[in-house]
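Heads up: the sequence shown begins at 867 in the working numbering, then just goes up one per residue. For each residue, glycine too, the CB sits at the ideal point set by N, CA and C. The structure displayed is predicted, hence computed values, not measured ones. In what follows, a structure is listed as structure tokens, so that the remarks can point back to it.
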Amino acid sequence: MLPPDLDEIELTDELNPIVAEKKDELIQLAKDKGIPVIITAGFRSLAEQNELYEKGRSDPGNIVTNARGGESLHNFGLAIDFALLDKQGEAIWDMSYDGNDNGKSDWMEVVTIAKGLGFDWAGFKDYPHLQMTFGLSLRELQQGKQPKGQ
């Protein structure tokens, strides 16, 4: 069930400008270390979020999210998901992959870069997910509060 407040507030339809800027920096800094990264998700509309939520429930497939529309930071333009590209250019979500052959997990190198840029990492619960909350809780976002400067 959607939080009732969402009907009354104006939601964004794109990534927060700071998140978008830091996303681009993340891609470049990872590339500089020999780690090709792609962004697999950014802003998601409430409808898109609800479609994802139904996967593995009323729609065929595996469950991909536990968040309904309005329950994900993607819906507020504050989250991205990423994947690595292997040497064949295929997206992979292998946390032990070392494509730049430096003896370190490329995944964790990207996470370290992301944290240095101000992203929070969801960790092993949702390992492709990076977010910036700007000190706001999900409930505050649902009530219409926005990061400073928005």
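Tell me whether lysine 897 sits in a helix, a strand or coil according to DSSP, three-state version. Locating residue 897 in the sequence shown gives position 31, where the first residue counts as 1. It is helical.
Just the C-alpha distance for lysine 1075 and asparagine 882, rounded to the nearest angstrom, thanks. Residue numbering for the chain in the displayed model covers 867 to 1016; residue 1075 lies beyond these limits and cannot be assessed.
I'd like the list of long-range same chain contacts for glutamine 915, defined as Cβ closer than 8 Å, with 5 residues on each side in sequence excluded. Sequence index remark: in the sequence shown, residue 915 carries index 49 (1-based). Excluding residues within five positions, the ones whose Cβ falls inside 8 Å are Thr931, Ala933, Arg934, Gly935, Gly936, Glu937, Ser938, His940, Asn941.
Taking only runs of the alpha helix (DSSP H) that begin and end inside the region 874-933, which ones reach a length of at least 4 residues, in chain order? 883-898, 912-920
Where DSSP assigns a beta bridge to alanine 945, which residues make up the other side? Locating residue 945 in the sequence shown gives position 79, counting from the first residue. Alanine 945 pairs with Gln997.
Where the alpha helix (DSSP H) through glutamate 975 begins and ends: Taking the first residue of the sequence shown as position 1, residue 975 is located at position 109. Run containing glutamate 975: 972-982, per the alpha helix (DSSP H) assignment.
Exposure label - tryptophan 973; buried when at least 16 CB within 10 Å: Here residue 973 corresponds to residue number 107 of the sequence shown, with the count starting at 1. Tryptophan 973 should be labelled buried.
Leaving out the 5 sequence neighbours to the left and right, which residues in its chain are closer than 8 Å to serine 971 when beta-carbon positions are compared? Working through the sequence shown from its first residue, we reach residue 971 at position 105. Same-chain partners within the cutoff: Met961, Ser962, Tyr963, Asp964.
Around the C-beta of glutamine 997, are 16 or more other C-beta atoms found within 10 angstroms, so that it is buried, or is it exposed? As a position in the sequence shown, residue 997 is number 131, starting the count at 1. It is buried - the Cβ of glutamine 997 has at least 16 other Cβ atoms within 10 Å.
So, isoleucine 901 versus leucine 950, is the Cβ gap smaller than 9 Å? Position 35 of the sequence shown holds residue 901. Position 84 of the sequence shown holds residue 950. Going by C-beta atoms, isoleucine 901 is nearer than 9 Å to leucine 950.
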